[in-house]
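Engineer: There's a structure below that I have some questions on.
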Amino acid sequence: YALVLAVVLGVIAAFAVQDYIGKERQKSLDQVKPVQVVFAKDDVPAGTQLREEILEPRDWPAGYLTGQLTAWSEVEKLVGKVASQRIPGGNPVFLDAVQTKPLAPPTAALERGSRAFTISTDLITGVAGMIKPGSRVDILAHVRDLEPSGGGRRAPGAQAGGTSTVTLLENVKVLGVGAYGGRHWGGRGRDDTDTTSVTVSVTPIQAGILAYGQKQGPLTLVLRGEGDLEQVQPPAVDGRNLLQMMQQARAGR
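Numbering-wise (the numbering used here), the sequence shown opens with residue 13 and increments by one.
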């Protein structure tokens, strides 16, 4: 009896092991089973309307796709939609890389009497990409010839005929970052968003001030803390008063 029981248990164990091996083998086969995925032929900038000629279907291992990493499978469903972020050439077109809902026009964020003004930025002048829509910034410029016309008073600390750093505007609201259609205009994307420009909301007079300042050279943005709306009116800084300004900065003023 004991021998028969041992044989029966051995047979059951053998079938269990065989079943387990079979399921694992099938799981491995399912992981490498090719499925159709849409790829970008070349780099697709954010905001680009997708066309059939820049897309192509390819086979891709099914195991590379998960609930968080899902790609489009049909070119036809992508045509006419807009890329919400840059899609590198030769990469799959993932679901979160495409704007599926119509973008709200940026003018919807403008209050009555306000104007949208775009400032060219880089890693330094744009605060290393930390600026987002809704942020508040001060805008600085490096300008020449600050001698006022009509005998008026010069800005505090400004040197006539020299180059000074001045705060053109304070507490300016940011409308968007990068090109319209990119991540910061409302699309879902990753961290490779275009940050070469920042668009702010200003009055018509302020727009003229920024246009003049940007004509003199790159404008520099200074990011404000959350809820910090105070207007401090900092004086201009030049070579003549730099040491004095440094002393004031050390004193916390």
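Beta carbons: idealized from backbone N, C-alpha and C, even for Gly.
Suppose you measure from the CA of Lys144 to the CA of Glu238; what does that come to, to the nearest Å?
Structural biologist: Each residue's Cα considered, the two are about 12 Å apart.
Engineer: Assuming the contact rule is C-beta atoms closer than 8 Å, Gly178 and Val155 should be a hit. Round their C-beta distance to whole Å, please.
Structural biologist: It should be pointed out that residue 178 corresponds to Val in this sequence rather than to Gly. Between Val155 and Val178 the Cβ distance is about 6 Å, and since that is below 8 Å, they are a contact.
Engineer: Apart from the five residues on each side of it in sequence, which residues of its chain come closer than 6 Å, Cβ to Cβ, to Pro104?
Structural biologist: Only Val49, Phe51 and Ala83 meet the Cβ criterion.
Engineer: Looking at Arg127 and Thr211, is the spacing between their C-beta atoms short of 8 Å?
Structural biologist: Not closer than 8 Å, so no.
Engineer: Would you list the residues sitting across from Gly188 in a DSSP beta bridge?
Structural biologist: In DSSP, Gly188 forms a bridge with Thr211.
Engineer: Which two residues bound the contiguous beta strand (DSSP E) that contains Leu152?
Structural biologist: Segment Arg148 to Arg156, the beta strand (DSSP E) holding Leu152.
Engineer: Between the alpha carbons of Ala25 and Ala18, how many angstroms are there, rounded?
Structural biologist: Between Ala25 and Ala18, the C-alpha separation is close to 10 Å.
Engineer: Consult DSSP for Thr119 and reduce its assignment to one of helix, strand or coil.
Structural biologist: Helix.
Engineer: Using the beta-carbon count (16 or more within 10 Å), is Val244 buried or exposed?
Structural biologist: So Val244 ends up on the exposed side.
Engineer: For Thr119, count the other beta carbons within 10 Å of its own beta carbon; 16 or more makes it buried, fewer makes it exposed. Which is it?
Structural biologist: Under this definition Thr119 is an exposed residue.
Engineer: Measuring only the C-alpha atoms, how far is Val186 from Gly102?
Structural biologist: The straight-line gap from Cα to Cα measures roughly 34 Å.
Engineer: By Cβ distance below 6 Å, which residues in the same chain neighbour Ala53 in space, the five residues on each side in sequence not counted?
Structural biologist: Strictly speaking, residue 53 in this sequence is Lys, with Ala absent from that position. Excluding residues within five positions, the ones whose Cβ falls inside 6 Å are Ile66 and Glu68.
Engineer: Would Ala263 be called buried (16 or more neighbouring beta carbons within 10 Å of its own) or exposed?
Structural biologist: Looking at its Cβ environment, which holds fewer than 16 other Cβ atoms inside 10 Å, Ala263 is exposed.
Engineer: What did DSSP end up calling Asp71 once you bin it into helix, strand or coil?
Structural biologist: In this structure, Asp71 counts as strand in the three-state DSSP scheme.
Engineer: Between Ile131 and Leu222, is the Cβ-Cβ spacing less than 8 Å?
Structural biologist: Contact: yes.
Engineer: Which stretch, first to last residue, makes up the alpha helix (DSSP H) that contains Arg262?
Structural biologist: Leu254 to Arg262 is the span of the alpha helix (DSSP H), which, as asked, contains Arg262.
Engineer: Tell me, to the nearest whole angstrom, how far the beta carbon of Thr232 is from that of Leu152; I am working on the premise that it is less than 8 Å.
Structural biologist: Indeed they touch by this definition, with Cβ atoms about 4 Å apart.
Engineer: Reducing DSSP to helix, strand and coil, say where Glu242 ends up.
Structural biologist: The answer is coil: DSSP assigns Glu242 none of H, G, I, E or B.
Engineer: Contact check, Val47 vs Ala74 under 8 Å by CB: the rounded distance?
Structural biologist: That belief holds up - the Cβ atoms of Val47 and Ala74 are roughly 5 Å apart, short of 8 Å.
Engineer: Quick one, which of Leu107, Thr175, Asp71 and Ala109 has its alpha-carbon nearest Ala248's?
Structural biologist: Per the Cα distances, Thr175.
Engineer: On the criterion of 16 or more Cβ atoms from any shown chain inside 10 Å, does Phe129 qualify as buried, or is it exposed?
Structural biologist: Per the 10 Å Cβ criterion, buried.
Engineer: Any heavy atom of the ligand SAH within a distance shorter than 7 Å of the CB on Ala83?
Structural biologist: The ligand content of the structure shown is nil, which means the ligand SAH is not present either.
Engineer: Using a Cβ-Cβ cutoff of less than 6 Å, which residues in the same chain neighbour Glu182 once the five nearest sequence positions on both sides are dropped?
Structural biologist: Counting only Cβ-Cβ distances below 6 Å, and skipping sequence neighbours, we find Asp150 and Gln243.
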